[in-house]
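Some notes on the structure that comes next.
Number of protein chains: 2
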Amino acid sequence: MDIRSEFGQRIRELRARSGISQEMLSFRSGLDRSYLSSVERGERNISIVNIEKIAAALQVSIGYMFDGERFSATPAYQPKEFTIPFLERFKYKLDNEKKILAFSVSGLLTGNDVEYMDSILMGICSAFGKGELTLFVDHREMKALDGEPAVYSPEVAEKAVLFQRNLLRYNRRAIVLCNSEFQVQQLNHVTQESGIPSTHLFGQDKEVIGRAYQLLNINGNELIKMQTD
Amino acid sequence: MDIRSEFGQRIRELRARSGISQEMLSFRSGLDRSYLSSVERGERNISIVNIEKIAAALQVSIGYMFDGERFSATPAYQPKEFTIPFLERFKYKLDNEKKILAFSVSGLLTGNDVEYMDSILMGICSAFGKGELTLFVDHREMKALDGEPAVYSPEVAEKAVLFQRNLLRYNRRAIVLCNSEFQVQQLNHVTQESGIPSTHLFGQDKEVIGRAYQLLNINGNELIKMQTD
DNA sequence: ATGTGACTGAAAGTCCGTC
DNA sequence: CGACGGACTTTCAGTCACA
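Listed in order, the protein sequences are those of chains R and L. At position 151 of the first sequence the residue is numbered 151 (our numbering), and the sequence of numbers has no breaks. Offset between the second sequence (1-based) and our numbering: plus 1000.
Next up, the structure:
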């Protein structure tokens, strides 16, 4: 396949995983919507300056645009997705002894969901001193209905920055288990803006949780467990 | 820095590591020499089709052009480099019991050097049957005078393909320790052409040799040893 | 919300040189 | 070998209206 078509397909994939329209990507990249449309269809020999703009709008490195994992182009954010209430998809647990606040999310996140998590978790944190806690986050089940990983939509990513800034007051750092290399890339951007020292891990379940336990200097966690198979 | 300058600098680096001139790169990529010059100087907003041509000419993936490790732009292939005779930079050892043929090279390689290795190693192999041996190659010391890794020049890469085709008759597969991600990329191209099933490893000494021993199902090798520190 | 054809000015890219 | 320039052709970026 021609590199122009491949690249176009790639944008389409990543855009679908982010749950945004061509119009939104147009706004975020500063490129014309109909121009982006023709790029996605492989009809343009796009230049490096515009490649950079698109990568920035999708919050990935340029290299990831070419060598990264591939996805389907099915839109991740579907209305049906929200039939299961967020309350049932959001779990959290405080380990008072080890000073670890763990939480996990499955499925997709809206901006409201982030604000809800914010209020709940800040309520817990407020019982602690500055930088006393460590966050342990599990995003591995943040998947769309098609079973493929979903990342934050741009709207959600912006709320996540504010959310993380709040958490930063009580939490020294964060360890986050990711659902894809894409999410690692995106969270690198988000945490760079929020300022929270964060490690984003992606890989096989066993090795990724082993690595997280190692970083946290613990042997287990009641919420985020190693699979026993 | 502007993406156009960054990309230009990147080409210059990789070209220097490969030891080829703008003229040679022009010939191999099919792009005009004066055009390549202006791209390297960051004066062009190069398009994706030409980016692909350059990546192919440098034998790396497009993603590696953007996210890969960085080098100085000092030319790797200097005349002085060859003051130490190849005989002293080429070591080999046959493990008759484990059926492993190991060899290592330090410094740069010329086309003649490859032909010399070919004759020596084929002499050894001819005592064995088809696919009876396994190759274990150490390229970690293939460095230029500036101490930075060097890869095969295109001329050498072509001879390496022929060399490997010969070896393929007696060797089932090859494990190669590399000096850089760049060399991994390049050897992926070379071995794809020669057809020899090959694994190219790059990383910290301990982990890379450990991995190699694991792949070879051995606990040690007289030529290629783990550092004891 | 996206696909498409048509259009223009700007820039990419080629080919010829000189230094 | 590489920087740089001039003159030339081709193509991309960017924007429409319309389906």
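Yeah, the Cβ is synthetic: ideal placement off N, Cα and C, and Gly gets one too.
Show which residues of chain R have a CB atom less than 8 Å away from the CB atom of residue i.
{"i": "residue 1061 (chain L)", "result": "66, 67"}
Which residues mark the beginning and the end of the beta strand (DSSP E) in which residue i is found?
{"i": "residue 29 (chain R)", "result": "Segment 22-29 is the alpha helix (DSSP H) holding residue 29 (chain R); no beta strand (DSSP E) there."}
Per DSSP, what are the beta-bridge partners of residue i in this structure?
{"i": "residue 102 (chain R)", "result": "R:93, R:136"}
By the DSSP assignment, the alpha helix (DSSP H) with residue i in it spans what residues?
{"i": "residue 1127 (chain L)", "result": "From DSSP, residue 1127 (chain L) is part of no alpha helix (DSSP H); its letter is neither H nor E."}
{"i": "residue 14 (chain R)", "result": "3-18"}
By the criterion of Cβ-Cβ separation under 7 Å, what are the contact partners of residue i in chain R?
{"i": "residue 1126 (chain L)", "result": "The premise fails here: residue 1126 (chain L) is roughly 41 Å from chain R at the closest Cβ pair, so nothing lies under 7 Å."}
{"i": "residue 1007 (chain L)", "result": "48"}
Applying a beta-carbon distance threshold of less than 8 Å, which residues of chain L neighbour residue i?
{"i": "residue 230 (chain R)", "result": "Past the boundaries of the shown model lies residue 230 (chain R); chain R is included only from 1 to 229, so the question cannot be answered."}
Give the interface partners of residue i over in chain L, defined as CB-CB distance under 7 Å, in chain order.
{"i": "residue 52 (chain R)", "result": "1003"}
{"i": "residue 47 (chain R)", "result": "1045, 1046, 1047"}
Any heavy atom of the ligand PLP closer than 8 Å to the beta-carbon of residue i?
{"i": "residue 1098 (chain L)", "result": "The ligand content of the structure shown is nil, which means the ligand PLP is not present either."}
Every unbroken alpha helix (DSSP H) within the region 39-90 of chain R, with a cutoff of 4 residues, ordered by chain: The qualifying runs are 48-57, 62-67, 86-89.
Taking contact to mean at least 3 C-beta pairs separated by less than 8 Å, is the region 169-179 of chain R in contact with the region 1025-1035 of chain L? Here the region 169-179 of chain R does not lie against the region 1025-1035 of chain L, with fewer than 3 beta-carbon pairs under 8 Å apart.
To test your reading of the DSSP string, which unbroken beta strand (DSSP E) runs of 3 or more residues are found completely within the region 132-218 of chain R? Segments of the beta strand (DSSP E) lying fully in the region 132-218 of chain R: 133-141, 171-177, 198-201.
Using a Cβ distance threshold of 8 Å, determine whether the region 1086-1100 of chain L contacts the region 85-102 of chain R, with at least three qualifying pairs required. Contact fails: fewer than three Cβ-Cβ distances are below 8 Å.
Per the contact definition of three or more C-beta pairs closer than 8 Å, is the region 1151-1166 of chain L in contact with the region 1202-1209 of chain L? Judged by pairs of C-beta atoms under 8 Å, the region 1202-1209 of chain L does not touch the region 1151-1166 of chain L, as fewer than three such pairs exist.
Pairing CB atoms from the region 1214-1221 of chain L with CB atoms from the region 1037-1056 of chain L, are three or more of them under 8 Å? Fewer than three pairs of CB atoms, one per stretch, sit closer than 8 Å, so the region 1214-1221 of chain L makes no contact with the region 1037-1056 of chain L.
Quick one: any contact between the region 102-114 of chain R and the region 178-191 of chain R, if contact means 3 or more CB pairs under 8 Å? They do not touch, by the three-pair rule.
Contact between the region 65-75 of chain R and the region 11-18 of chain R: three or more CB pairs below 8 Å? The region 65-75 of chain R vs the region 11-18 of chain R: in contact.
Between the region 4-14 of chain R and the region 33-42 of chain R, can you find at least three pairs of beta-carbon atoms closer than 8 Å? A contact between stretches requires three or more CB pairs, one per stretch, nearer than 8 Å, and the region 33-42 of chain R meets this requirement with the region 4-14 of chain R.
Take every Cβ of the region 142-150 of chain R, pair it with every Cβ of the region 117-127 of chain R, and state whether three or more of those distances are shorter than 8 Å. Contact between the region 142-150 of chain R and the region 117-127 of chain R is absent, because fewer than three Cβ pairs lie under 8 Å.
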